[in-house]
Each structure stands twice: as structure tokens, then as C-alpha cells.
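If you count the sequence shown from 1, position 185 lands on 517 in this note's numbering, and the numbers rise without skipping. In this text, a Cβ means the ideal position worked out from N, Cα and C, and glycines have one as well. Since the structure is predicted, the reported quantities are computational estimates derived from the model, not experimental observations. Below is one structure, written out as C-alpha cells; comments come after it.
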Amino acid sequence: MHRAVSYLSATCTKALQFNIGLPRTKVNAVFIKALSLSLLSLQAGSVLSAVPGLEPQKSWDLDGYIKYMATYSIPDGTDNTFDNLIHNRLNFEYRFSSSWRVNVGLRNRALWGDSTDFPGYADLVALDSGYMDLSKNWHEDDVVINSQLDRLYLTWQQDDWGAQLGRFRINWSMNTIWNPNDIYNAYSIYDFDYEERAGMDAVMLSRKLGFADGVDLVFSPARQSGQDSASLRYFANQSGWDYQFIAGRARMDYVLGVGFATDVFDAGFRGELTWFDPIDPEFEGEPTKKTTVASIESDYSFGGKRSWMGRAAWLFISEPQDASSALAYLNLPLDAKTLSFTRNTWYADVSFDLTPLNRVTLSTSYYDDHSYFLGISSNYSLANDWQLLTVIQSFNGNGDSLFGETPATLLFANIKYSF
Numbered sequence: 333m334h335r336a337v338s339y340l341s342a343t344c345t346k347a348l349q350f351n352i353g354l355p356r357t358k359v360n361a362v363f364i365k366a367l368s369l370s371l372l373s374l375q376a377g378s379v380l381s382a383v384p385g386l387e388p389q390k391s392w393d394l395d396g397y398i399k400y401m402a403t404y405s406i407p408d409g410t411d412n413t414f415d416n417l418i419h420n421r422l423n424f425e426y427r428f429s430s431s432w433r434v435n436v437g438l439r440n441r442a443l444w445g446d447s448t449d450f451p452g453y454a455d456l457v458a459l460d461s462g463y464m465d466l467s468k469n470w471h472e473d474d475v476v477i478n479s480q481l482d483r484l485y486l487t488w489q490q491d492d493w494g495a496q497l498g499r500f501r502i503n504w505s506m507n508t509i510w511n512p513n514d515i516y517n518a519y520s521i522y523d524f525d526y527e528e529r530a531g532m533d534a535v536m537l538s539r540k541l542g543f544a545d546g547v548d549l550v551f552s553p554a555r556q557s558g559q560d561s562a563s564l565r566y567f568a569n570q571s572g573w574d575y576q577f578i579a580g581r582a583r584m585d586y587v588l589g590v591g592f593a594t595d596v597f598d599a600g601f602r603g604e605l606t607w608f609d610p611i612d613p614e615f616e617g618e619p620t621k622k623t624t625v626a627s628i629e630s631d632y633s634f635g636g637k638r639s640w641m642g643r644a645a646w647l648f649i650s651e652p653q654d655a656s657s658a659l660a661y662l663n664l665p666l667d668a669k670t671l672s673f674t675r676n677t678w679y680a681d682v683s684f685d686l687t688p689l690n691r692v693t694l695s696t697s698y699y700d701d702h703s704y705f706l707g708i709s710s711n712y713s714l715a716n717d718w719q720l721l722t723v724i725q726s727f728n729g730n731g732d733s734l735f736g737e738t739p740a741t742l743l744f745a746n747i748k749y750s751f
């Protein structure tokens, strides 16, 4: 593997230097640059991988992946589009001692295809909503090349005390589908390609109070004046129930939240509720409203030869915010108040092993305005560290519904190598 990667990397480097091997186009030149960087990361991963029994304990770790995804969009009434993505990720950790460590996570992406012609596409790729702008577009012509540090933090741990400073993921979720308690890092249920999720620029102080009990205190600054966040979480376990309480401020709202997780008759049962009370009575000339966001979900493993499993969830938003279009809702960053655009939303999925190496998931969601989503995905293990993911997503509904106004079907093929 190492020899093959070295050969491919050298070939791409020569092609870049002498402009041979591919037609002289801007797309091919930029593509070679992106591919060369990705192959170099593969080469580094193969060289630095541990040899069991021979390599001494290290003070650092480096891993990551590289994947290619093709996307074919079939909207009703307009032209179809085809897009490509090469996505490389590097995760680095260095341990200064048993108490101190630093973590860095870098995303490198090269995107090309029909969507690059859309106005504002490059700006959307480079969007970084953190306090620090750690995203950079290196090229914005026929190919958009972007690098982003979505993890960059220092960790201290001593006995029952801990602290983190920098950009990291603050995961306060109990649920696995919709997360009203996730006031820092909410995400779309339709985004399957970014499994790490975005990080948040913050400082967090933690204190363990028992085996599964503790307290987290978080402060996260904002670029906009008066929109800093600060919150406290208490979590514990009692008689088979995990639960948590959250209080504080999330940007422009005071928040109170509660969450739980347990098992009922061998089925997982979880719930989250967060109440948002606006600090200011108006925002950009529009009155603000108090909002309650709640979600309950359950999952059950039926077992058997196919390892059948089902999940179902309900989401409630007392004051949903209108979405200008399906495209805006599906692509813009969400927060815990905008997990849906209707008052009630339902979700269900069922998954099973088609073969020991291939797992299939069927999913659907339904909205109050009669929008609906249908999806099917297949995750196939090609070999050690190689995966093939194929996904079909269909967004549709009644003619006056959000998804029904611009119905579309999306086809994805994603091949991934982890190192």
C-alpha cells in the first residue's frame, strides 16, 4: 500500500511540475493539486501507522480518511446537476503529559461540478460561524478548494477536574435524531457526509461528582456584540435513568433544558426539552417570541440473523421559523430552535444487514405542511478500511408545501479510505 501511494503521489507531482499526463485545463491542474495533497496524507498515514509489538508507546497520534463523493441532483422542472467532492480529514493529538494534550482536526475539500456556477457557492463552502474564522478557500474558479480547522483545542485533566479551550465539539445530546438540548452544535438530520459535526469556539470547565455524575460550565464568545453564550449543565444517573439539566444563555436567548435516556421493555427511550426566552423583544425590526422545542424518540433492536433495528421520533417547536425555500433550509446552518420549519415533525427508520458486510437503512420524515422525505442508504465494507456508501434522498410533498414547491431527488455515491 505504501509503495502504491508513493508512486501515485510522485506521478501527480511530476504531472503538476511538467504539465503532462492530463490536458492543460484549470480544472485538471487544481484537481492534481488536491489529489496530490490527499495522497501525501495517505502516505504519511501509512508510514506513521503503528506496527504491533515493535513500536514503542507514542506521545502523539495521527489518523484520518480520504473519500470521494459523486452527487447527482434531479429536481423537478429544472436541469439536473452533477457534482464531485474529494474530502480529506486529518486528526492529530499530542500528549504533553497525562494531564495535558492538544488536538487538531483539519478538513480539506475540493469541490467541482455544476453547483460551482451558483452565485455565492464558494462563500457557502467557506462559511465558518465560529468566533474565529478558521476556514480558507484556496481556489474559487472551476474548482473550489477549502481547508478548515474544525478542531483546535487544549485539554487539561486532573483527578475529577477538567478543562478545554479552543474549538471543540460540545455534545449535550441525549437523543440521536433531533437534539433540542444541543444548543451549541445542532445539525441537520439529512447531512450524512460530515460525521464529526462542527466544533464550537469555547472554554469549558468540568467537574466529576461521581461515576456518571458531573457538572459542565461553558462560555462561548460570539463575533456579534451581545451574542455570547454561557451555560451550565448538571448530569447524573439514577436507577437506570440518565438525565441532565441545562440553564444559561444561548446567543440571543435565555435557556432552560432537560433531557433523559433509559430503557423501557428493552427499547431505548430518550427525550429532550429546551425553553428559549428571548433577551430582546425585537430582532431586526421583528418581534421575538418565547419558544419551546421538545423531542421524544425510541429505538428497538429486533435482533435475528439480519440484526433488524427500528427508530421513531417526534419533534415539537412551539414557534417554528419560516424557511424561505427548501434549498435554504437544507443548506444553511441550523440551531436548536430551527431543527424544523413546522410545529410538528415525525421521523422513522428501519435498518438491517443485507449481508454481513452490507447494512441497509430505510428512513422517512413528515412535516405539518405535508412536506415529506424518503431515503434509502447502503453501507458496504469493501475491505479493511474501505467503505462504499450509496444514498438516495427524495424531498417532496403537496404543491403548497416547502418540499413540494421544489421537489427533488438526490443520488450519492461515496467511497472512503480510513487510515
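Are the Cβ atoms of residue i and residue j separated by less than 8 Å?
i    : j    : result
L720 : L714 : yes
N507 : E629 : yes
A668 : A518 : yes
G603 : G589 : no
L443 : N412 : no
L283 : S520 : Because the chain spans 333 through 751 in this model, residue 283 falls outside it and cannot be assessed.
M401 : N746 : yes
M536 : Q496 : yes
A645 : I509 : yes
On a CA-only basis, which of the options is nearest residue i? Give me that one, please.
i    : options                   : result
L438 : D585, G452, V475 and Y397 : Y397
I515 : L666, W444 and V547       : L666
N478 : M584, S750, S557 and V457 : V457
D482 : D446, N423 and R427       : N423
S639 : G731, R691, K748 and W718 : R691
W718 : S750, I509 and A745       : S750
A562 : G542, M584 and L541       : M584
S683 : T670, Y661 and S709       : S709
F727 : M641, A658, I578 and R555 : A658
Y522 : A579, D460, S557 and L664 : L664
Y404 : F414, T410 and D395       : F414
D560 : G445, G580, G542 and F615 : G580
In chain order, what residues of the same chain have a beta carbon less than 6 Å from the beta carbon of residue i, not counting five sequence neighbours either side?
i    : result
G729 : H702, S703, Y704, F735 and G736
H419 : K399 and R441
Q725 : G707 and L742
D545 : A568
A376 : Bear in mind that a pLDDT of 48 at A376, under 50, signals an unreliable position, so the number given afterwards is only what the model happens to contain. Excluding sequence neighbours, A376 sits near nothing in its chain.
N490 : According to the sequence as given, residue 490 is Gln; it is not Asn. Closer than 6 Å at Cβ, skipping near neighbours: S431.
D408 : P739
D631 : G600 and R643
S733 : D701, H702 and S703
Y586 : D609
I611 : M584
W607 : L588 and T624
Since I believe residue j is in contact with residue i (beta carbons under 8 Å), could you give me their beta-carbon distance rounded to a whole number of angstroms?
i    : j    : result
R499 : L484 : 5 Å
S650 : T623 : 6 Å
L486 : V434 : 5 Å
D473 : L466 : Not really, about 23 Å apart at Cβ, beyond 8 Å.
G565 : Q556 : With the sequence shown as reference, residue 565 is identified as Arg, and Gly is not the correct amino acid for it. About 24 Å separates the two Cβ atoms, so there is no contact after all.
W493 : R539 : 6 Å
Spatial neighbours of residue i within its chain, please: CB distance less than 7 Å, with the 5 preceding and 5 following residues excluded, ordered by chain position.
i    : result
S505 : N511, N513 and D514
L694 : D681, V682 and I708
T670 : Q653
P613 : P619 and T620
I'd like the list of long-range same chain contacts for residue i, defined as Cβ closer than 8 Å, with 5 residues on each side in sequence excluded.
i    : result
M532 : G462, R499, F500, R501, I502, Y516, N517 and S552
W392 : F424, E425, Y426 and R427
A469 : Reading off the sequence, residue 469 comes out as Asn, not Ala. If we look at N469 and ignore the five residues flanking it on each side, its Cβ neighbours are A454, V457, A458, V476, I477 and N478.
Evaluate contact between the region 593-613 and the region 567-574, counting only Cβ atoms and requiring at least three cross-stretch pairs below 8 Å.
-> yes
Flag this pair as touching only if the region 692-701 and the region 546-558 have three or more C-beta atom pairs under 8 Å; answer yes or no.
-> no
Quick one: any contact between the region 675-682 and the region 634-652, if contact means 3 or more CB pairs under 8 Å?
-> yes
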